[in-house]
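Structure first, then comments.
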Amino acid sequence: MKIYEFRRAPNPRRVQMFLTEKNIDVEYVQVNVRNGENRESDYLNINPKSGVPALQLDNGNVISESMAICRYFDAIQPEPYLFGETPEEKGLVEMWNRKIEIEGMNPVGECLRNSSEAFKDRAVPDPRVTKQIPELAERGSMLANRFLGDINERLSKNKYVAGENFSMADINLYVFLDFASWVKVIPTEDHQSLIKWKEVISARKCAKVFES
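Numbers 1205 to 1416, taken from this note's numbering, label the letters of the sequence shown in order.
Next comes the structure, spelled out in structure tokens:
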């Protein structure tokens, strides 16, 4: 099997961090998104929506969403329990993964794709033309900044996002912070709990993927 990715993009980073925590080695194939390789026929045959990453299994089947890819490997190798071990932990991890995605990652994506010249006519991750809406960029920035305050409040009461154990929710939040910096959504002195949490995660082996 192999993973097609663009190493510096946020969704591939989530998978990279997850597999590092699991100590799972997989072959990576780089798809240069900046040069439009993901919108060429060779890659569209693998993922018609053009997004990265995409996991191609040995039987030819393709899993194309980052969280689905992580779930696949988690089913093969459950430990360490990054999606939670107990029913309560599983529910909390899933809840916070959804919150980070909906309240954090999606607004940043809206901001970036509706404001950057690089995404002109590509305001959604799809090879078909989609016009930008500047108002969505403004709202995305506002919502992402609002989320910084909400997650800071959560981390003022918990060691990790979902509770006492490091989980996929922490990986998602760490990737979110990097992605958010692309549109200048950055923690301030008002987000001390979030800043301290980030320092803790930065010391983990999985965070080193950002150095490559």
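Ideal Cβ positions, reconstructed from N, Cα and C, are used throughout, including at glycine.
Let me know if V1230 comes out buried or exposed under the rule of 16 or more other beta-carbons within 10 Å of its beta-carbon. exposed
Pairwise C-alpha distance: P1391 and I1399: 7 Å
Residues near T1224 by beta carbon distance below 7 Å, same chain, minus five either side: K1409, C1410 and V1413
Do L1261 and P1331 count as a contact pair if the criterion is CB distance below 9 Å? no
CB-CB length for M1372 against V1297, believed under 8 Å: 6 Å
Whole-angstrom C-beta distance between V1235 and F1210, which should lie under 8 Å: 5 Å
Can you list, in chain order, the residues of its chain with a C-beta nearer than 6 Å to that of V1379? Leave out the 5 residues immediately preceding and following it. P1214, R1217 and R1218
Name, in chain order, the residues that DSSP records as bridge partners for I1207. Y1232 and L1259
First and last residue of the uninterrupted alpha helix (DSSP H) at S1385: M1372 to S1385
If A1348 sits next to S1319, beta carbons under 8 Å apart, how far is it from one beta carbon to the other, in whole angstroms? The Cβ separation is near 12 Å, so there is no contact.
Beta-bridge partners of R1326, as assigned by DSSP: T1334
Figure out for me which residue from K1388, K1226 and N1356 has the closest Cα to the Cα of I1159. The structure shown does not extend to residue 1159, since the chain is modelled only from 1205 to 1416, so the question has no answer here.
Could you compute how far the alpha carbon of D1325 sits from the alpha carbon of I1280? 39 Å
Spatial distance of N1376 from N1301 (CA atoms): 7 Å
List the whole-angstrom C-beta distance separating I1337 from D1374, where the pair is believed to meet the contact cut-off of C-beta under 8 Å. Their Cβ separation, rounded to whole angstroms, is 32 Å, which puts I1337 and D1374 out of contact at 8 Å.
Would the beta-carbon of E1307 fall within 9 Å of that of D1354? yes
Beta-carbon proximity check, G1344 vs N1369, cutoff 9 Å: no
Nearest-angstrom Cα separation, counted from D1278 out to E1289: 12 Å
How close, in whole Å, do the beta carbons of P1329 and G1264 come, if the pair is a contact with beta carbons under 8 Å? The Cβ separation is near 23 Å, so there is no contact.
Ordered along the chain, which non-local residues of its own chain (more than five positions away) have a Cβ less than 8 Å from that of Y1364? F1370, S1371, A1373, D1374 and W1401
For the alpha helix (DSSP H) that contains A1279, what are its first and last residues? S1270 to I1280
Just tell me which of F1383, T1334, G1313 and D1394 has its CA closest to the CA of S1360. D1394
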